[in-house]
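To start, the structure itself, in structure tokens.
There are 2 protein chains.
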Amino acid sequence: MRTLAQVTAEPVSRQERKQRTRQALLDAALELLAERAFANLSLREVTKRAGIVPTAFYRHFASMDELGVALVEESMRTLRRMIRSARSNPRTYTHIIRASVRTLHEHVRAHEDHFRFLTRERYSGSGPVQRAIAIELKLFSSDLAVDLARFEHLREWNTDDLHMMADLIVTAMLSTVVELIEARPRDEETDALIVKTAEKRLRLIFLGVPNWRVVR
Amino acid sequence: MRTLAQVTAEPVSRQERKQRTRQALLDAALELLAERAFANLSLREVTKRAGIVPTAFYRHFASMDELGVALVEESMRTLRRMIRSARSNPRTYTHIIRASVRTLHEHVRAHEDHFRFLTRERYSGSGPVQRAIAIELKLFSSDLAVDLARFEHLREWNTDDLHMMADLIVTAMLSTVVELIEARPRDEETDALIVKTAEKRLRLIFLGVPNWRVVR
DNA sequence: AGTTCCAGTGAACAGCTGTACACTAAACAG
DNA sequence: CTGTTTAGTGTACAGCTGTTCACTGGAACT
Chain A
20 MRTLAQVTAE PVSRQERKQR TRQALLDAAL ELLAERAFAN LSLREVTKRA
70 GIVPTAFYRH FASMDELGVA LVEESMRTLR RMIRSARSNP RTYTHIIRAS
120 VRTLHEHVRA HEDHFRFLTR ERYSGSGPVQ RAIAIELKLF SSDLAVDLAR
170 FEHLREWNTD DLHMMADLIV TAMLSTVVEL IEARPRDEET DALIVKTAEK
220 RLRLIFLGVP NWRVVR
Chain B
20 MRTLAQVTAE PVSRQERKQR TRQALLDAAL ELLAERAFAN LSLREVTKRA
70 GIVPTAFYRH FASMDELGVA LVEESMRTLR RMIRSARSNP RTYTHIIRAS
120 VRTLHEHVRA HEDHFRFLTR ERYSGSGPVQ RAIAIELKLF SSDLAVDLAR
170 FEHLREWNTD DLHMMADLIV TAMLSTVVEL IEARPRDEET DALIVKTAEK
220 RLRLIFLGVP NWRVVR
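If you read the protein sequences in the order shown, they are chains A and B.
The first sequence begins at 20 in the working numbering and counts up one residue at a time.
The second sequence begins at 20 in the working numbering and counts up one residue at a time.
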């Protein structure tokens with residue numbers, strides 16, 4: 020029996036086929052992760068849902084940890100797409116804060132599974148997975164710090180303080196992500212409330228900037 | 020063989036004895052949680068480390084989830100002790116921010132296991148555990164909101180905004196907890212840096228307050 | 001056309017998991 | 001002193017786990 024291969028009947032190249040089942044594994048894992056944590060997610064379950072036999076797993080990943088890291092990469096691609104989007108059209112809205120929160124909202128709703136995975140495994144999760152997330156998040160924070168340096172009062176801030184502020188913003192945004200994912204009931208009203216609160220948080224942070232004493 | 024009972028030889032009441040092994044189970048779990056997540060932590064491992072046979076587990080908890088919830092309660096007692104401490108001696112230091120961050124630092128270092136458990140299982144973790152943490156954290160945040168209302172400009176803020184600010188502070192503090200727990204290398208210098216950054220974060224937030232437009 | 005490569009198969013394994021069950025012995029109540 | 005209660009024991013079992021190994025059939029290369 021060759022379930023997956025037979026159903027997807029069209030003649031395709033070997034590596035294309037491989038890539039396809041690899042993706043099936045990632046998708047299967049992501050679906051299962053909607054209810055469970057990555058930690059108690061077995062290799063057998065994932066392969067079963069992906070439609071292959073357990074042993075075939077090793078043709079794609081050396082271990083579940085490796086699958087986890089691949090999942091981080093995939094999720095991070097989603098995150099980066101979001102960030103680029105937030106950077107490119109800030110002119111569309113009057114306020115940058117509103118624009119950023121809105122793009123966050125859109126992207127989280129469009130890729131809940133990725134964001135759920137990232138926020139859940141950020142602190143729990145296996146060593147490699149946790150590290151991969153931390154690295155990417157730090158990178159993101161650093162980029163944000165550079166962006167911040169172009170603003171009015173922030174031009175004269177030193178690097179440490181800019182990073183401090185960027186970290187705070189990222190932290191606030193991530194807590195918004197969690198709120199959106201865990202939101203109940205799931206309607207526009209709840210979403211609107213979360214978005215509004217997120218905007219307020221950022222506004223409060225930015226309002227502190229003019230009062231910051233640079234020198235120390 | 021009755022390992023635990025025999026070693027702790029003194030004649031004690033039955034319920035006292037029960038309470039003792041119950042605590043042994045909680046301690047054993049907490050020790051194991053230093054390296055692994057609660058999700059992949061087996062009943063058998065915990066009982067083994069606690070020095071009792073697997074089946075005896077059920078004399079104390081109906082399931083691992085229940086053990087988890089008990090662990091949340093224990094950890095939360097630690098958290099509450101910290102908060103009371105932070106509230107009681109703010110006069111000792113000139114600034115409230117510095118005082119709060121310092122008590123946080125002290126308590127995290129004194130009870131790393133509890134704080135590690137809370138921060139790790141906050142977003143991953145089984146349903147009941149996650150809910151228990153969320154409830155307690157929300158309670159804490161509400162208390163903080165009440166406290167905030169006594170400050171200069173914050174007196175005239177509405178409840179929603181006060182809660183927004185309290186949540187932001189709690190979020191910032193929790194990220195500080197994670198930084199402390201994950202700190203490497205583990206020396207006073209690193210700790211001092213983390214503490215200083217935490218103080219800056221809070222300062223930035225508070226500096227925004229005077230510029231906040233109350234009405235909306 | 002013949003050969004190599006390799007993604008996926010299926011059986012088998014040792015080890016661990018949670019839980020049911022009948023038990024013992026010591027603390028307890030009368 | 002007698003009978004009851006109960007925390008902890010030991011055996012047992014079915015089910016799941018990751019990983020091994022020899023295998024197959026079709027795409028890819030020569």
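The C-beta atom is built at its ideal place from N, Cα and C for all residues, glycine as well.
Take THR195/A and list the residues in its own chain whose beta-carbon comes closer than 7 Å to its own, dropping the five residues that flank it on each side.
-> Here residue 195/A refers to the residue found at position 176 when the first sequence is read from its first residue. Same-chain partners within the cutoff: LEU123, ILE213, ALA217.
Determine the burial state of VAL165/B: buried for a count of at least 16 other Cβ atoms within 10 Å of its Cβ, exposed for fewer.
-> For the purposes of this step, residue 165/B is identified with residue 146 of the second sequence, where counting begins at 1. Exposed: under 16 other Cβ atoms inside 10 Å.
Quick one: is ILE224/A near chain B, going by C-beta distance under 9 Å?
-> Within the first sequence, residue 224/A is the residue found at index 205, counting from 1. Yes, because at least one Cβ of chain B sits closer than 9 Å to the Cβ of ILE224/A.
Please name the residue in MET83/A, SER104/A, VAL233/A whose C-alpha comes closest to that of GLY146/A.
-> Residue mapping note: residue 146/A aligns to position 127 of the first sequence, counting from 1. Nearest C-alpha to GLY146/A: MET83/A.
Is the Cβ-Cβ distance between HIS126/A and MET101/A less than 9 Å?
-> As a first step, residue 126/A is located in the first sequence; it is residue number 107 there, counting from the start. As a first step, residue 101/A is located in the first sequence; it is residue number 82 there, counting from the start. The Cβ-Cβ distance between HIS126/A and MET101/A falls below 9 Å.
If we cut at 9 Å on Cβ distances, does GLY144/B have a partner in chain A?
-> On the second sequence, residue 144/B is found 125 positions in, with the first residue counted as 1. Under the 9 Å criterion on CB atoms, GLY144/B is classed as interfacial with respect to chain A.
Length-filtered (3 minimum) beta strand (DSSP E) runs lying within the segment 61-112 of chain B | Runs of the beta strand (DSSP E) inside the segment 61-112 of chain B: none found.
Pull up the distance between the alpha-carbon of VAL148/A and that of ARG169/B, whole angstroms please.
-> On the first sequence, position 129 is the one that residue 148/A refers to. On the second sequence, position 150 is the one that residue 169/B refers to. So the alpha carbons of these two residues sit roughly 43 Å apart.
Chain B contact residues for VAL12/A, given Cβ-Cβ distances below 7 Å = The requested residue 12/A does not occur in the structure, where chain A is confined to residues 20 to 235.
In this structure, does DSSP put LEU52/A in helix, strand or coil?
-> Here residue 52/A is taken as the residue at index 33 of the first sequence, counted from 1. In this structure, LEU52/A counts as coil in the three-state DSSP scheme.
Determine, using beta-carbon pairs with one atom in the segment 30-50 of chain B and one in the segment 186-205 of chain A, whether at least three such pairs fall under 8 Å.
-> Result no; under three Cβ-Cβ pairs closer than 8 Å.
Between which two residues does the alpha helix (DSSP H) carrying SER32/A extend?
-> The residue labelled residue 32/A in the question sits at position 13 within the first sequence. Counting along the chain, no alpha helix (DSSP H) covers SER32/A, and no H or E run does either.
Are the C-beta atoms of LEU187/A and some chain B residue less than 9 Å apart?
-> Stepping through the first sequence from its first residue, residue 187/A is reached at position 168. Yes - at least one Cβ of chain B is within 9 Å of the one on LEU187/A.
Does PRO73/A get closer than 9 Å to chain B when you measure Cβ to Cβ?
-> Within the first sequence, the letter at position 54 stands for residue 73/A. Chain B contact via Cβ: absent.
Quick one: grab the DSSP three-state call for VAL233/A.
-> As a working note, residue 233/A is residue 214 in the first sequence. Coil, per DSSP.
Cutoff 9 Å: PHE170/A Cβ touching any chain B Cβ | Taking the first residue of the first sequence as 1, we reach residue 170/A at position 151. No, PHE170/A lies away from the interface with chain B (no Cβ there is under 9 Å from its Cβ).
Taking all protein chains shown into account, decide if ALA53/A is buried (16 or more other Cβ within 10 angstroms of its Cβ) or exposed.
-> Locating residue 53/A in the first sequence gives position 34, where the first residue counts as 1. Exposed.
In chain order, which alpha helix (DSSP H) runs of at least 4 residues are fully inside the segment 139-172 of chain A?
-> Inside the segment 139-172 of chain A, DSSP marks whole alpha helix (DSSP H) runs of 4 or more residues at positions 146-167, from first to last along the chain.
Counting only beta-carbon atoms, is SER160/A nearer than 9 Å to chain B?
-> Walking along the first sequence from the start, residue 160/A turns up at place 141. False, the Cβ-Cβ gap to chain B never drops below 9 Å.
Inter-residue CB distance, ALA191/B and ARG220/B (contact presumed, cutoff 8 Å) | Looking up residue 191/B in the second sequence gives position 172. Looking up residue 220/B in the second sequence gives position 201. At roughly 5 Å, the Cβ-Cβ gap stays under 8 Å, so ALA191/B and ARG220/B are in contact.
Excluding the five sequence neighbours on either side, which residues of its own chain have a C-beta within less than 7 Å of the C-beta of LEU187/A, listed in chain order?
-> As a position in the first sequence, residue 187/A is number 168, starting the count at 1. In the same chain as LEU187/A, and ignoring 5 residues on each side of it, the C-beta atoms closer than 7 Å to its own belong to ILE224, in chain order.
Using only alpha-carbon positions, find the residue among VAL72/A, PHE57/A, LEU158/A, ALA69/A that is nearest to ARG96/A.
-> The sequence position of residue 96/A within the first sequence is 77, counting from 1. Checked all of VAL72/A, PHE57/A, LEU158/A, ALA69/A; the closest Cα to ARG96/A is LEU158/A.
Residue of PRO73/A, THR178/A, ARG135/A minimising C-alpha distance to LEU199/A = Along the first sequence, read from residue 1 onward, the residue named residue 199/A stands at position 180. Closest by alpha carbon: ARG135/A.
With C-beta atoms as the reference, is GLY87/A less than 9 Å away from GLY144/A?
-> Position 68 of the first sequence, counted from the start, is the residue given in the question as residue 87/A. Position 125 of the first sequence, counted from the start, is the residue given in the question as residue 144/A. Contact: yes.
What does a CB cutoff of less than 7 Å around PRO73/A pick up in its chain, not counting 5 residues either side in sequence?
-> Within the first sequence, numbered from 1, the residue matching residue 73/A stands at position 54. So the list reads LEU62, ARG63, THR66, once near-sequence residues are dropped.
Can you give me the Cβ contacts of ALA56/A inside the same chain, cut-off strictly under 7 Å, excluding the 5 residues immediately before and after it?
-> Position 37 of the first sequence, counted from the start, is the residue given in the question as residue 56/A. These residues qualify, in order along the chain: ARG139, SER143.
Would you please verify whether the beta carbon of ASN230/A is less than 9 Å from any beta carbon of chain B?
-> To locate residue 230/A, count along the first sequence from 1; it is residue 211. Interface residue, yes.
Counting only beta-carbon atoms, is THR138/B nearer than 9 Å to chain A?
-> On the second sequence, position 119 is the one that residue 138/B refers to. By this cut-off, THR138/B is an interface position.
Segment limits, alpha helix (DSSP H) that includes VAL228/B = Position 209 of the second sequence holds residue 228/B. First-last for VAL228/B: undefined, no H or E at that position.
Starting from MET83/A, find everything on chain B with Cβ-Cβ shorter than 7 Å and list it in chain order.
-> Counted from its first residue, the first sequence places residue 83/A at position 64. What MET83/A touches in chain B: nothing, since even the nearest Cβ is about 11 Å away.
Please list the partners that ASP180/A has in chain B, where partner means a Cβ-to-Cβ separation under 9 Å.
-> Taking the first sequence and counting its residues from 1, the one referred to as residue 180/A is at position 161. Near ASP180/A (Cβ distances below 9 Å), the residues of chain B are LYS219, LEU223.
Determine whether the Cβ of GLY87/B lies closer than 9 Å to any Cβ atom of chain A.
-> Along the second sequence, one-based indexing puts residue 87/B at 68. GLY87/B does not count as touching chain A.
Would you tell me roughly how many angstroms separate the C-alpha atoms of ARG21/A and ALA75/A, rounded to the nearest one?
-> For the purposes of this step, residue 21/A is identified with residue 2 of the first sequence, where counting begins at 1. For the purposes of this step, residue 75/A is identified with residue 56 of the first sequence, where counting begins at 1. In this prediction, ARG21/A scores a pLDDT of 37, lower than 50, which makes its location untrustworthy; the coordinate-derived value is nonetheless stated afterwards. Cα-Cα distance, rounded: 12 Å.
Could you check what DSSP says for ASP132/A in three-state terms: helix, strand or coil?
-> Residue numbering aside, residue 132/A sits at position 113 when the first sequence is read from its first letter. In the three-state reduction of the DSSP assignment, ASP132/A falls in the helix class, which pools H, G and I.
In three-state DSSP terms, what is MET20/B?
-> Along the second sequence, read from residue 1 onward, the residue named residue 20/B stands at position 1. At MET20/B the pLDDT is 36, less than 50, meaning the model places this residue with poor confidence; the figure from the coordinates comes in the next sentence. DSSP places MET20/B in the coil class of the three-state scheme, outside both helix and strand.
Where HIS114/B sits in the DSSP three-state scheme | As a first step, residue 114/B must be located in the second sequence, where it is residue number 95. Looking at HIS114/B - three-state DSSP - the assignment turns out to be coil, as it is neither helix nor strand.
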